[in-house]
Every structure is written in C-alpha cells, then in structure tokens.
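Undergrad: If you scroll down you'll find the structure; I have some questions about it.
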Amino acid sequence: MTRTLGGVLENRADDVPDEVFLRFGESDLTFSMVDEACNRVARGLSRVGVRAGEPAAIMLPNCREYVISWLALAKLGAPVAGLNNTARGQALADIINLTGSRVLIVDAPFLDAVDEVADLLTTLSTVVVR
2 MTRTLGGVLE NRADDVPDEV FLRFGESDLT FSMVDEACNR VARGLSRVGV
52 RAGEPAAIML PNCREYVISW LALAKLGAPV AGLNNTARGQ ALADIINLTG
102 SRVLIVDAPF LDAVDEVADL LTTLSTVVVR
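Counting in our numbering, the sequence shown runs from 2 upward without gaps.
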C-alpha cells in the first residue's frame, strides 16, 4: 500500500469511489471525483514546471479548489506553501521568496497584491489564476 498522501487518495478512490470525501456547503465530492480533479490539476501543474521537491505556493480562500490544488501538489511531491490571503507588500514578497516557490496558484481577487510586488519576487516564474 502506498503511504504518500496522493497514494492514499488513489487507494481510497479505488476502494470506495462513491464515498463522500469533501463537503463544501451543499456540494459533496466523492473520493473518485476528488482524485480525478487532483490528477487533472497535477497534469496542468506539471506542464508549467512543478516538480517533486520544488515548493509551490497557494493563495486561495477556503474553497474546494484549495484542497484539490494542495492534494495535486502532494501527488507531484511538491511541498506546499499556503500563503496568508491578507499578506501584502514586502511581507508577501518575503514569504514567496523564502519558500522558493516558482509557481503560485492564486485567486483572482488576490492577483493585484501579487502584481504590486512582482519586481521583488526572485523565484516566482509562473502564476496560475483561479
């Protein structure tokens, strides 16, 4: 049995595909639905250069896309830097730079904060907007 988080999700999707894994408001997502979504996101993130061992940052609100992005990064073996959505200015730049994140998954309303510090970002090369 695989003991990575991605492996555990895949095993559960195989064993109990229709069991609810994630509930957001009125929306239920099963293990198979989450696993399939994570695989799609992981393929996309891989295409933009996310690799095992290379950190990626997430700046999303509490939403199912946060969970799916986090699990997709786990499937790729990429450490996740969860950013505080209220971080701005030098603090935001420092967090991104210190984590070494080359890829940032960001919610559109937070994009202006990232744009404001773009010249200070030394590691970031790709921004994926939700």
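The beta carbon of each residue, even a glycine, is placed where N, CA and C say it ideally should be.
Could you check the C-alpha separation between Ala119 and Gly50 for me, to the nearest Å?
TA: Counting from 1 along the sequence shown, the entry for residue 119 is found at position 118. Counting from 1 along the sequence shown, the entry for residue 50 is found at position 49. Taking the straight line from one Cα to the other gives about 19 Å.
Undergrad: Tell me which same chain residues have a C-beta within less than 8 Å of the C-beta of Glu20, skipping the five on either side of it?
TA: Working through the sequence shown from its first residue, we reach residue 20 at position 19. Counting only Cβ-Cβ distances below 8 Å, and skipping sequence neighbours, we find Arg13, Thr31, Phe32.
Undergrad: Report the option in Val42, Thr124, Ala88 whose CA atom is closest to the CA atom of Leu112.
TA: Translated into the one-based positions of the sequence shown, residue 112 becomes position 111. Minimum Cα distance to Leu112 is reached at Ala88.
Undergrad: For Ser47, collect the residues of the same chain with a Cβ closer than 8 Å to its Cβ; drop the 5 residues on either side in sequence, then sort them by chain order.
TA: Numbered from its first residue, the sequence shown carries residue 47 at position 46. Taken in chain order, the residues that qualify are Leu77.
Undergrad: Are Ala58 and Ser102 touching if we call contact CB-CB under 8 Å?
TA: Working through the sequence shown from its first residue, we reach residue 58 at position 57. Working through the sequence shown from its first residue, we reach residue 102 at position 101. Yes. Within cutoff.
Undergrad: Applying the 10 Å Cβ sphere with the 16-neighbour rule, what's the burial state of Gln35?
TA: Counting from 1 along the sequence shown, the entry for residue 35 is found at position 34. At residue 35 the sequence reads Val, which differs from the Gln that was named. Buried, because 16 or more other Cβ atoms sit within 10 Å of the Cβ of Val35.
Undergrad: Pull up the distance between the alpha-carbon of Glu117 and that of Asn85, whole angstroms please.
TA: Reading the sequence shown from its first residue, position 116 is the one you call residue 117. Reading the sequence shown from its first residue, position 84 is the one you call residue 85. If you take the alpha carbons of Glu117 and Asn85, they lie about 16 Å apart.
Undergrad: State the start and end residues of the unbroken alpha helix (DSSP H) segment that holds Val42.
TA: Counting from 1 along the sequence shown, the entry for residue 42 is found at position 41. Note, Val42: alpha helix (DSSP H), 32 to 48.
Undergrad: I'd like the list of long-range same chain contacts for Asn40, defined as Cβ closer than 6 Å, with 5 residues on each side in sequence excluded.
TA: Counting from 1 along the sequence shown, the entry for residue 40 is found at position 39. Hits under 6 Å: none found.
Undergrad: Rounded to a whole number of angstroms, what is the C-alpha to C-alpha distance between Val68 and Ala94?
TA: One-based indexing of the sequence shown puts residue 68 at position 67. One-based indexing of the sequence shown puts residue 94 at position 93. Val68 and Ala94: Cα-Cα distance of roughly 23 Å.
Undergrad: So, for Glu55: in the same chain, excluding its five sequence neighbours on each side, which residues have a beta-carbon less than 7 Å away from its beta-carbon?
TA: Within the sequence shown, numbered from 1, the residue matching residue 55 stands at position 54. For Glu55, where only same-chain residues beyond five positions count, the Cβ hits under 7 Å are Ala79, Arg103.
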